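Take a look at the structure below.
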Amino acid sequence: MLQKTIRMVPMAVPGLFILLFSSALFAESGDAGLQPVPEPPPIPTRVESGEVLEPDITIIQRAQDTVQEYRLNGRLYAIKVIPKNAPPYYLVDTDGDGSLDYREELEGDLLVPQWVLFSW
Numbered sequence: 001m002l003q004k005t006i007r008m009v010p011m012a013v014p015g016l017f018i019l020l021f022s023s024a025l026f027a028e029s030g031d032a033g034l035q036p037v038p039e040p041p042p043i044p045t046r047v048e049s050g051e052v053l054e055p056d057i058t059i060i061q062r063a064q065d066t067v068q069e070y071r072l073n074g075r076l077y078a079i080k081v082i083p084k085n086a087p088p089y090y091l092v093d094t095d096g097d098g099s100l101d102y103r104e105e106l107e108g109d110l111l112v113p114q115w116v117l118f119s120w
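Taking UniProt numbering, the leading residue of the sequence shown gets 1, the next gets one more, and so forth.
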């Protein structure tokens, strides 16, 4: 079996060279109608929106409790009340209508994050 393989190798070598060179000649002849690729457009500059992305937090210390007011773009959206002898609780504007809803820190309901995508 090994002798048959060795005898076939010299016969296959010229065929491989012919196939290799003919494919290279065919590839060269096809470039005549192509045009160069244009340069990509420049990358646009970064847009600065001017909006504050971090909330403003106002902390008010009183005798019985501490109140933390959370504002974004000047609009009050949450209040955290921390009483001296009780667990903290939240008043949150969940739907953006301006009225604050009561939320306990250990409450079982899930408060799903909501974002404003468009406003005008």
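Heads up, the beta-carbon is just placed ideally off N, CA and C, and yes, glycines get one too. Predicted model only: the values in this text are computed from it and were never measured.
Start-to-end residues for the beta strand (DSSP E) that takes in residue i
i   : result
E39 : Neither: E39 is in no beta strand (DSSP E) and is coded neither H nor E.
I43 : From DSSP, I43 is part of no beta strand (DSSP E); its letter is neither H nor E.
D95 : Per DSSP, D95 belongs to no beta strand (DSSP E) and is neither H nor E.
Coarse secondary structure for residue i, derived from DSSP in three states
i    : result
L76  : strand
E55  : The residue asked about is misnamed: residue 55 is Pro in this sequence, not Glu. It is coil, neither helix nor strand.
P14  : helix
L106 : Confidence in L106 is poor, its pLDDT being 44 and thus under 50, which makes the residue's placement too unreliable to answer from.
Contact belief for residue i with residue j at Cβ below 8 angstroms, rounded distance in angstroms
i   : j   : result
R71 : P88 : In fact, because the Cβ distance is near 19 angstroms, the residues do not count as touching under 8 angstroms.
D65 : P83 : 4 angstroms
Q61 : K80 : Contact flag wrong, Cβ pair sits at about 13 angstroms.
Residue i versus the options, residue with shortest Cα-Cα distance
i   : options             : result
N85 : Q68, L100, A63, L76 : A63
I59 : T45, A78, P44       : A78
L91 : Y102, D97, G98      : Y102
Proximity test, residue i beta-carbon vs the ligand COA heavy atom, cut-off 7 angstroms
i   : result
P40 : Absence of the ligand COA is noted for the structure shown, with no ligands found whatsoever.
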